[in-house]
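Novice: First residue of the sequence shown: 2, per my numbering; consecutive thereafter. Glycine residues also receive a C-beta, built at the ideal position from the N, C-alpha and C atoms. Every value quoted in this text rests on a predicted model; they were computed, and no experiment measured them.
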Amino acid sequence: MSKVAIIMGSKSDFNVVKPAVTVLKSFGVETEVRVISAHRTPNEAHEFANNAKNNGVEVIICAAGKAAHLGGVIAAYTTLPVIGLPVKTDMMGGLDSLLSIVQMPSGIPVATVGVNGGENAGLLALQILGIKYPEIAEKLADYKVKMQQKINADDCALQQELANL
2 MSKVAIIMGS KSDFNVVKPA VTVLKSFGVE TEVRVISAHR TPNEAHEFAN NAKNNGVEVI
62 ICAAGKAAHL GGVIAAYTTL PVIGLPVKTD MMGGLDSLLS IVQMPSGIPV ATVGVNGGEN
122 AGLLALQILG IKYPEIAEKL ADYKVKMQQK INADDCALQQ ELANL
């Protein structure tokens, strides 16, 4: 069974992380969700990253705000794919988080989704897993067809509404 770890720097980030958990679970993917801080619990971050692969984790999502070093710290200690999930902040609306995550030094890649993009973080993790697990790839294809059908239905309804004006 596939497994994605989701780490957040603070429990207050859970509302941003929750859509990732929801989409992963809807695809039948096991999740491990933890609060681990790159700055306040660096030993735990190091230990988690070092043991993730042996614990069955295949992709790691790291949600963090402000300095947002969690994804980079985790990526430094593992060869697993790491997805950075920037958290919106009061200071700069999440731009600070986004830039901190996306600007990793050479050799420490962290894929990055948009600010508060929990659902996209989960979907990106699923796309990565879909390379190895055909059943996940098939479910993703179905998911995209359903999105397309919804937009087409919305467009049709709009066109009817416009015709009645």
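What does a CB cutoff of less than 6 Å around V74 pick up in its chain, not counting 5 residues either side in sequence?
Specialist: Position 73 of the sequence shown, counting from 1, holds the residue named residue 74. Cβ neighbours of V74 beyond the five flanking positions: A39 and A46.
Novice: Please list, in chain order, all residues of the same chain as L71 whose beta carbon is under 6 Å from its beta carbon, the five residues on each side excluded.
Specialist: For the purposes of this step, residue 71 is identified with residue 70 of the sequence shown, where counting begins at 1. The answer, listed in chain order, is G10, A39, C63 and A65.
Novice: Report the partner residues of L86 according to the DSSP bridge assignment.
Specialist: To locate residue 86, count along the sequence shown from 1; it is residue 85. A64, per the DSSP bridge assignment.
Novice: Does DSSP classify A1 as helix, strand or coil?
Specialist: Shown here, the chain extends from 2 to 166; a query on residue 1 therefore has no answer.
Novice: Sorted by chain position, which residues of the same chain lie with C-beta nearer than 7 Å to K140's C-beta, five sequence neighbours on each side aside?
Specialist: Here residue 140 is taken as the residue at index 139 of the sequence shown, counted from 1. Closer than 7 Å at Cβ, skipping near neighbours: F28.
Novice: Nearest-angstrom Cα distance between E162 and K151?
Specialist: Locating residue 162 in the sequence shown gives position 161, counting from the first residue. Locating residue 151 in the sequence shown gives position 150, counting from the first residue. If I take the Cα positions, the gap works out to 16 Å.
Novice: How should V146 be labelled, buried or exposed, when 16 other C-beta atoms within 10 angstroms of its C-beta is the threshold for buried?
Specialist: Counting from 1 along the sequence shown, the entry for residue 146 is found at position 145. That one is exposed.
Novice: S98: buried (16+ other C-beta within 10 angstroms of its C-beta) or exposed?
Specialist: By one-based count along the sequence shown, residue 98 stands at place 97. When all chains shown are included, S98 counts as buried.
Novice: What's the C-alpha gap between Y78 and G108?
Specialist: Here residue 78 refers to the residue found at position 77 of the sequence shown. Here residue 108 refers to the residue found at position 107 of the sequence shown. In a straight line, the C-alpha of Y78 is about 12 Å away from that of G108.
Novice: DSSP three-state label for A146, please.
Specialist: Taking the first residue of the sequence shown as position 1, residue 146 is located at position 145. First, the residue type needs correcting, since residue 146 is Val and not Ala in the sequence shown. It is helical.
Novice: Are V111 and G131 touching if we call contact CB-CB under 8 Å?
Specialist: Within the sequence shown, numbered from 1, the residue matching residue 111 stands at position 110. Within the sequence shown, numbered from 1, the residue matching residue 131 stands at position 130. No, the pair does not count as a contact, with Cβ atoms beyond the cut-off.
Novice: Which residues does DSSP pair with R35 in a beta bridge?
Specialist: As a first step, residue 35 is located in the sequence shown; it is residue number 34 there, counting from the start. According to DSSP, R35 bridges with I8.
Novice: Can the beta-carbon of G95 be found less than 8 Å from the beta-carbon of L25?
Specialist: Indexing the sequence shown from 1 puts residue 95 at position 94. Indexing the sequence shown from 1 puts residue 25 at position 24. Contact flag unset, no.
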